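Following our numbering, the numbering of the sequence shown begins with 44 at its first residue and continues without gaps. Backbone N, C-alpha and C fix where the C-beta goes; we use that ideal spot for every residue, glycine too. Model, not experiment: these values are computed from the prediction. Below is one structure; the comments refer to it alone.
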Amino acid sequence: MDSKVLDRYNSAEGATDYLGKFKRRWTERVNDRNEQKVLRGLIRAAGIGKVPGLALDLPCGYGRLYPVAREIADRVVEGDWSFPLLQAARGRERADASLGPAFGYVRGTALGLPFRDGAFDFVLSVRLCHHIGEREERLQYLREILRVSARWVVFT
44 MDSKVLDRYN SAEGATDYLG KFKRRWTERV NDRNEQKVLR GLIRAAGIGK
94 VPGLALDLPC GYGRLYPVAR EIADRVVEGD WSFPLLQAAR GRERADASLG
144 PAFGYVRGTA LGLPFRDGAF DFVLSVRLCH HIGEREERLQ YLREILRVSA
194 RWVVFT
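Next comes the structure, spelled out in structure tokens:
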């Protein structure tokens with residue numbers, strides 16, 4: 044993955060910029076709402092109901108898709124490369140206690156996830172692939188999210 048992109052997201056400035064992205068522009072708010080609607084529709088169409096184990100939301104960013112993941116599993120691990128965004132996800136959790144807390148927060152890269160094979164019943168990975176420029180790295184990303192999933196993977 045591009046180290047400049049990783050460094051930007053892991054900086055306070057980059058995280059703050061990303062945090063405001065979906066609130067600053069009305070087009071991004073509409074995109075966010077539509078994206079969540081499409082994801083929920085895909086999940087329903089695939090016949091994915093409540094899973095008994097863990098779900099992984101990676102990259103979780105500031106927890107934008109946590110509500111979607113919580114609809115699938117009661118225990119969701121939020122994962123991201125960015126420490127500031129993981130901290131923001133924790134803040135979002137405290138701000139909206141109705142969803143309950145995440146099962147955990149883990150910093151990791153999608154090219155080498157720090158989880159055992161089949162650790163999750165459901166993996167949600169949205170808006171990451173376009174940051175991975177090299178074909179072999181995209182394949183590694185897919186291998187990793189498939190490796191840690193015991194059952195379902197939804198990615199864009």
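CB-CB length for residue i against residue j, believed under 8 Å
i    : j    : result
E180 : L156 : No, E180 and L156 are not in contact; Cβ-Cβ is about 14 Å, not under 8 Å.
L167 : L129 : Contact flag wrong, Cβ pair sits at about 16 Å.
G134 : P102 : Wrong, their Cβ atoms sit about 17 Å apart, outside the cutoff.
R72  : K80  : Incorrect: roughly 13 Å between the Cβ atoms, too far for contact.
Nearest residue (CA-CA) to residue i, options the options
i    : options                   : result
S125 : I115, C172 and V149       : V149
C172 : L97, F198 and A162        : F198
I86  : E114, G57 and A140        : E114
G55  : F158, A131, W195 and V169 : According to the sequence provided, residue 55 is Ala. The question's Gly does not apply to it. Cα-wise, what sits closest to A55 is A131.
I188 : T152, V73 and F65         : T152
Under 8 Å between C-beta atoms of residue i and residue j
i    : j    : result
V191 : D164 : no
R83  : V119 : no
G106 : E136 : yes
F146 : L97  : yes
Residue range of the unbroken alpha helix (DSSP H) whose run includes residue i
i    : result
E114 : Y109 to I115
R194 : Looking at the DSSP string, R194 is not in any alpha helix (DSSP H); the run it does join, the beta strand (DSSP E), is S192 to F198.
Unbroken beta strand (DSSP E) run spanning residue i, endpoints
i    : result
Y148 : G147 to R150
Problem - Length-filtered (4 minimum) alpha helix (DSSP H) runs lying within the segment 44-79 - result: 46-52 and 55-67
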